[in-house]
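Note sheet for the following structure.
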Amino acid sequence: MSQSLVKNYIHIVFSTKHREDFIDENIEKELFSYIATLCKDFESTALQIGGTDNHIHILCLLSKKIALMKLVQEIKTYSSKWIKTKGEKYENFFWQDGYGAFSVSPNNIFAVIDYIKNQREHHNEMDFKTEIVKYYKKYKMEYDEKYLWD
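Heads up: the sequence shown begins at 0 in numbering that gives the first Met the number 0, then just goes up one per residue.
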């Protein structure tokens, strides 16, 4: 094949360090917009970004030119530096070390977009820990609980 054709939709999830409530409604739109720009800069178009006070979800079309691990690392690094410039309240902001990433079928993109859009309502019923463990079980991912939370 003389060309490389790739289309990988990825649902990325990660939290603030120790799941501290930093991402309030005053800053979330600007943060999500900044992260969307970062995704674009790495040729990984963000289709939807959302979250709550202590974690975010990103649905993106992963570029064939960047490894998932590198994309997440760049998003965390740049957005962490950026948010710390937004005032005294955010100067101790950090993302957790790890992340979850899940492939999404093109047939399920709109369902994932809706899910990400409604994170604040969704988390009235389920906390982040329960949500991420549910994803790990759904995707049959082995994990050690002692390494999930930093």
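Just so you know, even glycine gets a beta-carbon here, dropped at the ideal spot from N, CA and C.
Predicted, not measured: the structure shown is a model, and the values here were computed from it.
Just to confirm before moving on: does the CB-CB distance between Phe13 and Ile55 stay below 8 Å?
Position 14 of the sequence shown, counted from the first residue, corresponds to residue 13. Position 56 of the sequence shown, counted from the first residue, corresponds to residue 55. Contact: yes.
Any 3 or more C-beta pairs closer than 8 Å across the region 121 to 137 and the region 10 to 25:
The region 121 to 137 makes contact with the region 10 to 25, as at least three CB pairs between them are under 8 Å.
- CA-CA distance, Asp20 and Tyr89? Position 21 of the sequence shown, counted from the start, is the residue given in the question as residue 20. Position 90 of the sequence shown, counted from the start, is the residue given in the question as residue 89. Answer to the nearest angstrom: the Cα atoms are 10 Å apart.
Notebook entry, point to check: Based on the DSSP secondary-structure assignment, which residues constitute the bridge partners of Tyr8?
Noted result: Mapped onto the sequence shown, residue 8 falls at position 9. Under DSSP, Tyr8 takes part in a beta bridge, and its partners are Leu60 and Val103.
**Q.** Contact the region 27 to 38 vs the region 97 to 117: 3+ CB pairs below 8 Å
**A.** Because the criterion of three Cβ pairs below 8 Å is not met, the region 27 to 38 and the region 97 to 117 do not touch.
What whole-angstrom Cβ distance do Leu61 and Asn7 have, given they're in contact under 8 Å? Within the sequence shown, the letter at position 62 stands for residue 61. Within the sequence shown, the letter at position 8 stands for residue 7. About 4 Å separates the beta carbon of Leu61 from that of Asn7, a gap short enough to meet the 8 Å contact definition.
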